[in-house]
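J.: Letter by letter, the sequence shown follows residues 0 to 344 in numbering that gives the first Met the number 0.
For every residue, glycine included, the Cβ atom is placed at its ideal position computed from N, Cα and C.
Being a predicted model, the structure only gives us computed values, none of them experimental.
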Amino acid sequence: MASSPTPCTTAAFMTGTSPDPRSVTRADATFRVVVSAEARRFIKERMDGRDPVDDSARLEDVEVLRNTNREDCRAGVEAAVAEFSAYLDDAVWGDVRCLETRTPSVGSDTNRGAVLYLFGGGFIVGGPWEDISKTAPIADGLGGPVVSPFYPLAPEHPFPAALDASVAVYRAMARRHGTSRLAVVGESAGGNLALATVLRARDEGIEMPAAVVALSPWSDLRSVGHSFDIDADPTLRREGVRNAISSAYAGSTGLNHPLVSPLRADYTPGFPATMLTTGTRDLFRSLQVRLALQLQAARVPVVLRVWDEMWHVFEYYREVPEARESMEEVVAFLSSSILSPTVAT
């Protein structure tokens, strides 16, 4: 018998802190009702004088863009390493080079679980190092290692190269850790890959993980919906994700393939409990609402967290209180799912 789906939460501003004049307490949670000053400052600085992104130029200068992205991430990475006393190890899983993130809370007890984390960057930039601001708090809170593959990037390596790599790592981690203690997490393009990895693993007869978490996943590369029309994200422009970038990843496969755009996939039977995070300014917000409704229709337990005024993968910016609060929720969801996994049947 199928388990009842978890209701989609369309406006949850969890703080995890003691009540103050900016919050209101219910029996089960404390919800933020005022956007933080840090977030308001971030939005103002980014929105003032922003210019549309020339996506064709991005692809022409992709190596420059990758190097610039890495340098832009450096301060956040170093801050996260210091905050969590994180240490990083090169590893190989399924013949794929990976980066393992651990903190002092990670011991040898495999019952604490492990996470496959798939980085974002529009499939054309990024890497595991750039995402330590998210992998370190997960490793620290869960008490288990976080494995992030260096999956191949477009346009040099279009679909399914990145998916092949992530599935290979998932298969190897499932053999080592067991699937009941394994979760798959990803952000943006990596959120797309997290969904597609689990879908393909299911179709290939590999056991499902205990949980999936996707932070602002780019689940439909056609990039259509109300949030694209209003274009209110301070970090991402619709011109920067349509056409050239999406086509560079999809290659000859096309944008409508369910593993290229997993919003179009069939999530029955057996897809694991899933958490989605987004914000009211997120360029991809419409995709998260539609994905949550699709998961519910497939009777998949799903939690949708929509944060007021937050933008695309705001969890990266740990100087913003909402980013830290959201990651605390993610860790709580992972811990609960790994201890008591719930999978639709």
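Where does Ser147 sit, in a helix, a strand or coil, going by DSSP?
T.: Taking the first residue of the sequence shown as 1, we reach residue 147 at position 148. Shown here, Ser147 sits in a strand according to DSSP, grouped into three states.
J.: Can you check DSSP and say which residues form a bridge with Asp88?
T.: Mapped onto the sequence shown, residue 88 falls at position 89. DSSP, once it has assigned bridges, lists Glu99 as partnering Asp88.
J.: Please report the Cβ distance between Leu141 and Leu333, rounded to the nearest whole angstrom; I am assuming they are in contact, meaning their Cβ atoms lie under 8 Å.
T.: Here residue 141 refers to the residue found at position 142 of the sequence shown. Here residue 333 refers to the residue found at position 334 of the sequence shown. With a Cβ gap of about 6 Å, Leu141 and Leu333 count as contacting.
J.: May I have the straight-line CA-CA distance separating Val330 from Leu275, to the nearest angstrom?
T.: In the sequence shown, residue 330 corresponds to position 331, counting from 1. In the sequence shown, residue 275 corresponds to position 276, counting from 1. Between Val330 and Leu275, the C-alpha separation is close to 13 Å.
J.: If you measure between the beta carbons of Pro271 and Met207, is that distance less than 8 Å?
T.: In the sequence shown, residue 271 corresponds to position 272, counting from 1. In the sequence shown, residue 207 corresponds to position 208, counting from 1. Yes, the Cβ-Cβ distance between Pro271 and Met207 is below 8 Å.
J.: At the level of alpha carbons, what is the spacing between Asn255 and Pro148?
T.: Taking the sequence shown and counting its residues from 1, the one referred to as residue 255 is at position 256. Taking the sequence shown and counting its residues from 1, the one referred to as residue 148 is at position 149. Distance between the alpha carbons of Asn255 and Pro148 is about 25 Å.
J.: Which whole-angstrom value is the C-beta distance of Leu294 and Val301, which I expect to be below 8 Å?
T.: Start at 1 with the first residue of the sequence shown, and residue 294 comes out as number 295. Start at 1 with the first residue of the sequence shown, and residue 301 comes out as number 302. That belief holds up - the Cβ atoms of Leu294 and Val301 are roughly 4 Å apart, short of 8 Å.
J.: Pairs of beta-carbons, one from the region 310–323 and one from the region 183–197, closer than 8 Å: are there three or more?
T.: yes
J.: Roughly how many angstroms separate the alpha carbons of Met46 and Gly177, rounded to a whole number?
T.: In the sequence shown, counting from the first residue as 1, residue 46 sits at position 47. In the sequence shown, counting from the first residue as 1, residue 177 sits at position 178. When rounded, the distance between both Cα atoms is 45 Å.
J.: Using a 10 Å radius around the Cβ and a threshold of 16 neighbouring Cβ atoms, would you call Val63 buried or exposed?
T.: Indexing the sequence shown from 1 puts residue 63 at position 64. Exposed: under 16 other Cβ atoms inside 10 Å.
J.: Work out the CA separation of Asn191 and Gly347 for me, nearest whole Å.
T.: Within the shown structure, residues of the chain are numbered from 0 to 344, placing residue 347 beyond reach of any answer.
J.: Got a sec: does the ligand MN put a non-hydrogen atom nearer than 7 Å to the Cβ of Gly119?
T.: In the structure shown, the ligand MN is absent, as is every other ligand, since no ligand is present at all.
J.: Residues in the same chain with beta-carbon distance under 6 Å from Gly250, minus the five sequence neighbours each way, listed in chain order, please.
T.: For this step, residue 250 is matched to residue 251 along the sequence shown. Hits under 6 Å: Pro157, Phe158.
J.: With a threshold of 16 other CB atoms inside 10 Å of the CB of Lys43, please say whether the residue is buried or exposed.
T.: Against the sequence shown, residue 43 aligns to sequence position 44. With fewer than 16 Cβ atoms within 10 Å of its Cβ, Lys43 is classed as exposed.
J.: Which residues bound the alpha helix (DSSP H) around Tyr116?
T.: The sequence position of residue 116 within the sequence shown is 117, counting from 1. Segment 113–117 is the beta strand (DSSP E) holding Tyr116; no alpha helix (DSSP H) there.
J.: Work out the CA separation of Arg39 and Arg21 for me, nearest whole Å.
T.: As a first step, residue 21 must be located in the sequence shown, where it is residue number 22. As a first step, residue 39 must be located in the sequence shown, where it is residue number 40. Here the model assigns Arg21 a pLDDT of 38, short of 50, so the residue's position is not dependable and the matter cannot be decided.
J.: Within this structure, are the beta carbons of Gly143 and Gly112 separated by less than 8 Å?
T.: Taking the sequence shown and counting its residues from 1, one reaches residue 143 at position 144. Taking the sequence shown and counting its residues from 1, one reaches residue 112 at position 113. The answer is yes: Cβ separation under 8 Å.
J.: Starting from Thr196, trace the beta strand (DSSP E) both ways and give me its first and last residue.
T.: Numbered from 1 along the sequence shown, position 197 holds the residue referred to as residue 196. Premise fails: Thr196 lies in the alpha helix (DSSP H), 188–202, not in any beta strand (DSSP E).
J.: Thinking just about the alpha-carbon of each residue, which of Thr196, Ser132, Pro136 is nearest to the one in Tyr345?
T.: Beyond the ends of the chain as shown, which are 0 and 344, falls residue 345; an answer cannot be given.
J.: Can you tell me the Cβ-Cβ gap for Leu58 and Ala247, rounded? I've got them flagged as a contact below 8 Å.
T.: To locate residue 58, count along the sequence shown from 1; it is residue 59. To locate residue 247, count along the sequence shown from 1; it is residue 248. Correct: roughly 6 Å between the Cβ atoms.
J.: Output the residue ranges of the alpha helix (DSSP H) runs that lie fully inside the region 199–261 and measure 4 residues or longer, sorted by chain position.
T.: 225–229, 243–249
J.: Excluding the five sequence neighbours on either side, which residues of its own chain have a C-beta within less than 6 Å of the C-beta of Ala160, listed in chain order?
T.: What you label residue 160 is simply residue 161 of the sequence shown in a count that begins at 1. Same-chain partners within the cutoff: Pro151.
J.: Following the continuous beta strand (DSSP E) through Arg304, name the residue where it begins and the one where it ends.
T.: Taking the first residue of the sequence shown as 1, we reach residue 304 at position 305. First-last of the beta strand (DSSP E) with Arg304: 301–306.
J.: Given a cut-off of 8 Å on the beta-carbon distance, is the pair Leu235 and Leu282 in contact?
T.: On the sequence shown, position 236 is the one that residue 235 refers to. On the sequence shown, position 283 is the one that residue 282 refers to. Cβ distance < 8 Å, so Leu235 and Leu282 count as in contact.
J.: I need the DSSP call for Gly106, collapsed to helix, strand or coil.
T.: Here residue 106 refers to the residue found at position 107 of the sequence shown. Gly106: coil per DSSP, three-state reduction.
J.: Per DSSP, Ala182 forms a beta bridge with which residues?
T.: Here residue 182 refers to the residue found at position 183 of the sequence shown. Bridge partners of Ala182: Val114, Ala210.
J.: With distances taken between CB atoms, is the gap from Val240 to Gly126 smaller than 8 Å?
T.: Working through the sequence shown from its first residue, we reach residue 240 at position 241. Working through the sequence shown from its first residue, we reach residue 126 at position 127. No, the Cβ-Cβ distance between Val240 and Gly126 is not below 8 Å.
J.: Report buried or exposed for Pro103, applying the criterion of at least 16 other Cβ atoms within 10 angstroms of its Cβ.
T.: Against the sequence shown, residue 103 aligns to sequence position 104. Exposed.
J.: My output table needs one value for Leu141: the three-state DSSP class, helix, strand or coil.
T.: Counting from one through the sequence shown, the residue named residue 141 turns up at place 142. Residue state, collapsed to three classes: helix.
J.: Please name the residue in Gly253, Ala322, Ala85, Ala231 whose C-alpha comes closest to that of Ser285.
T.: As a working note, residue 285 is residue 286 in the sequence shown. Here the closest residue by C-alpha is Ala231.
J.: Taking C-alpha atoms, which residue in Ala138, Leu98, Val95 lies nearest to Ser84?
T.: Sequence index remark: in the sequence shown, residue 84 carries index 85 (1-based). That would be Ala138, whose Cα lies nearest to the Cα of Ser84.
J.: Helix or strand or just coil, what does DSSP make of Thr67?
T.: Translated into the one-based positions of the sequence shown, residue 67 becomes position 68. Here Thr67 sits in helix by DSSP.
J.: Please classify Leu282: does DSSP put it in a helix, a strand, or coil?
T.: Taking the sequence shown and counting its residues from 1, the one referred to as residue 282 is at position 283. Coil.
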